[in-house]
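Chain order of the listed sequences is F and Y. Each residue of the first sequence is one higher than the one before, counting from 1 in the working numbering. Each residue of the second sequence is one higher than the one before, counting from 1 in the working numbering. Beta carbons are placed, not taken as given, at the ideal position from N, Cα and C, and that holds for glycine. Read through the structure below, which is laid out as structure tokens, and then see the notes.
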Amino acid sequence: MKCYHIAIVESSPIILAGVEAILSQGGDVDVVLKCSSLSELAARMRGVDIDVVLVSVVQSSEIASFSELYDVPLVGMQSALCAPDILRRYASVVTLYSSYDELIAAVRQAVDSPVEKSHADSHELSERERDVLVLVARGYTNKEIASELNISPHTVISHRKNIVHKTGIRSVAGLTVYAVLNRLIESE
Amino acid sequence: MRNMCVCDDIAYLSPKMKIFELIDSNNSLLSIFSRLNIKLPFGDMSIEELCQRDGYSHELFIMLCRMHISSNYRPSHDEFSSEMLPQVIHYLRATHNYYIDYMLPHAEKHLEEILAYCDTLSNKQLRRFYGDYVRRIEEHLKQEEDTLFTAIDSGMSACRAQKFDLDMPHTDIDDRTSDIASLIIKYLPEEAPTQLRCAMLKDIYSLRDDLRRHAAVEMYLLKPLMDKFLKCDQQ
Numbered sequence: 001m002k003c004y005h006i007a008i009v010e011s012s013p014i015i016l017a018g019v020e021a022i023l024s025q026g027g028d029v030d031v032v033l034k035c036s037s038l039s040e041l042a043a044r045m046r047g048v049d050i051d052v053v054l055v056s057v058v059q060s061s062e063i064a065s066f067s068e069l070y071d072v073p074l075v076g077m078q079s080a081l082c083a084p085d086i087l088r089r090y091a092s093v094v095t096l097y098s099s100y101d102e103l104i105a106a107v108r109q110a111v112d113s114p115v116e117k118s119h120a121d122s123h124e125l126s127e128r129e130r131d132v133l134v135l136v137a138r139g140y141t142n143k144e145i146a147s148e149l150n151i152s153p154h155t156v157i158s159h160r161k162n163i164v165h166k167t168g169i170r171s172v173a174g175l176t177v178y179a180v181l182n183r184l185i186e187s188e
Numbered sequence: 001m002r003n004m005c006v007c008d009d010i011a012y013l014s015p016k017m018k019i020f021e022l023i024d025s026n027n028s029l030l031s032i033f034s035r036l037n038i039k040l041p042f043g044d045m046s047i048e049e050l051c052q053r054d055g056y057s058h059e060l061f062i063m064l065c066r067m068h069i070s071s072n073y074r075p076s077h078d079e080f081s082s083e084m085l086p087q088v089i090h091y092l093r094a095t096h097n098y099y100i101d102y103m104l105p106h107a108e109k110h111l112e113e114i115l116a117y118c119d120t121l122s123n124k125q126l127r128r129f130y131g132d133y134v135r136r137i138e139e140h141l142k143q144e145e146d147t148l149f150t151a152i153d154s155g156m157s158a159c160r161a162q163k164f165d166l167d168m169p170h171t172d173i174d175d176r177t178s179d180i181a182s183l184i185i186k187y188l189p190e191e192a193p194t195q196l197r198c199a200m201l202k203d204i205y206s207l208r209d210d211l212r213r214h215a216a217v218e219m220y221l222l223k224p225l226m227d228k229f230l231k232c233d234q235q
């Protein structure tokens with residue numbers, strides 16, 4: 001069974017400890033970072049393999065700037081009523097009453113579906129997606145890309161889904177042509 | 001009610017219908033006549049008369065026309081006869097030749113005209129991509145002919161023929177066909193004139209639609225015919 005690498009962002013130490021305790025009930029996830037804010041996470045996540053961030057929706061004001069820089073899917077932890085447009089910024093949402101199974105389902109949904117972000121309508125590739133595309137075009141496997149970019153294979157797959165979604169191109173050969181036409185790689 | 005046609009727009013096809021009316025109602029059907037090399041003129045000939053003249057089952061001919069017109073149409077298994085199996089193989093072979101001798105070269109001619117306006121880098125990449133695409137189609141068609149059609153022709157290896165995966169290669173080719181369209185519509189440098197791009201796109205979309213129909217004929221006509229009329233001698 002695949003183990004997801006999770007970062008938890010929660011300003012309340014009690015809630016953070018509770019979420020971590022629930023997640024430790026099964027072998028599906030590994031909590032690799034615990035932070036009190038997204039800005040702290042941004043400062044500490046370099047070089048850490050993170051598949052998904054479980055973040056309190058209280059942190060929603062920081063989401064836009066965080067998502068601009070990082071393509072990690074976000075699972076929102078809802079503790080109070082929230083406006084629907086705020087909840088739409090998350091790949092999936094859980095509540096403080098969610099069970100272990102519901103948490104894992106939300107994590108899977110976030111990792112397995114394309115990353116929905118505030119700029120989801122944009123067809124511009126993010127910097128990370130361009131990095132992945134270049135390696136895809138050079139013939140790297142998902143595992144090799146994950147190793148090269150120091151991210152998990154799940155994240156690579158998520159990036160690839162986004163690349164296909166944004167470019168409209170499905171085949172590796174087609175993506176290679178795209179990369180050359182857009183001067184992302186040199187033709188050999 | 002199983003296997004009933006659900007499309008009103010194909011209900012008008014009947015054995016007594018004149019060939020002129022058939023073509024006049026949907027001129028894309030001309031490509032069927034072209035690939036089967038059915039001789040013109042037809043005069044006042046009906047579908048039934050034409051099929052009798054050229055040795056085709058008119059029931060099968062109407063099924064093929066309906067599949068060409070509507071992607072939702074599924075032929076009724078109750079109307080299948082054993083004589084249809086070799087005739088479907090004949091049609092599929094003719095379709096393969098139609099792709100290789102006509103549709104792919106036609107698209108390539110338009111692509112070459114576009115490439116004349118592209119820089120060396122784009123030119124090289126697109127030519128390579130299209131060449132690889134054509135090679136994949138040719139390989140797939142050859143594999144079908146060598147493995148599936150030959151087995152059916154001989155009637156000796158029915159079990160092997162029935163195990164042939166009809167679906168997988170079509171998906172890959174369909175993705176690549178759509179990719180060509182995406183590259184030309186969205187990403188090819190603007191130096192390439194619009195009219196040439198549109199001509200190429202028309203070819204590519206025609207090819208994509210026809211390849212999808214081809215896959216449907218194999219899946220919903222050839223395969224059930226094989227299941228019905230080819231018997232495995234051994235497990």
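Contact between residue 106/Y and residue 203/Y holds, with the beta-carbon distance rounding to 6 Å and staying under 8 Å. The beta-carbon of residue 140/F is placed no less than 8 Å from the nearest beta-carbon of chain Y. Counting every other CB atom within 10 Å of its CB across the protein chains shown gives residue 71/F a total of 16 or more, marking it as buried. One Cα belongs to residue 19/F, the other to residue 125/F, and the distance between them is close to 33 Å. Taking a C-beta distance under 8 Å as the contact criterion, residue 32/F and residue 52/F do not qualify as a contact pair.
In this structure, 64/F is the residue among 127/F, 112/F and 64/F with its C-alpha nearest to the C-alpha of residue 89/F.
In this chain, the alpha helix (DSSP H) harbouring residue 100/F covers 100-112.
Beta-bridge pairing by DSSP links residue 5/F to 30/F.
Secondary structure of residue 48/F (DSSP, three-state): coil. In this structure, residue 174/F lies near residue 176/Y, with their beta-carbon atoms less than 8 Å apart. Rounded to whole angstroms, residue 177/F and residue 190/Y show a C-alpha spacing of 16 Å. For a Cβ distance threshold of 8 Å, residue set 176, 177, 180, 181 and 187 of chain F lies close to residue 125/Y, ordered along the chain. Residue range 74-78 is occupied by the beta strand (DSSP E) that includes residue 77/F, with no alpha helix (DSSP H) assigned at that position. The CB of residue 175/Y comes closer than 7 Å to the CB of 170 and 171 in chain F, given here in chain order.
For residue 93/F, no alpha helix (DSSP H) encloses it; the enclosing beta strand (DSSP E) starts and ends at 92-95. Using a CB distance cut-off of 8 Å, residue 129/Y counts as an interface residue toward chain F.
The region 66-78 of chain Y and the region 88-102 of chain Y do not touch, with fewer than 3 CB-CB distances between them shorter than 8 Å. Apart from sequence neighbours up to five positions away, the residues of its chain that approach residue 20/Y with a beta-carbon distance below 7 Å are 42, ordered along the chain. The C-alpha of residue 113/Y is placed about 18 Å away from the C-alpha of residue 133/Y. Scanning 219/Y, 136/Y, 206/Y and 213/Y for the CA closest to the CA of residue 148/Y turns up 219/Y. Three or more Cβ pairs drawn from the region 177-184 of chain Y and the region 197-217 of chain Y lie within less than 8 Å of each other, which places the two stretches in contact. About 18 Å separates the beta carbons of residue 90/Y and residue 29/Y, which is beyond the 8 Å limit, so they are not a contact pair.
Exposure of residue 14/F is indicated by the presence of fewer than 16 other C-beta atoms within 10 angstroms of its C-beta. In the structure shown, residue 54/F falls within a strand segment according to DSSP collapsed to helix, strand and coil. Taken atom to atom, the span from the alpha-carbon of residue 11/F to that of residue 93/F is near 17 Å.
Taken through DSSP and simplified to helix, strand or coil, residue 18/Y comes out as strand. Residue-level contact by beta carbon holds for residue 132/Y and chain F, with a gap shorter than 8 Å. Boundaries of the alpha helix (DSSP H) harbouring residue 166/F: 153-167, taken from the DSSP string.
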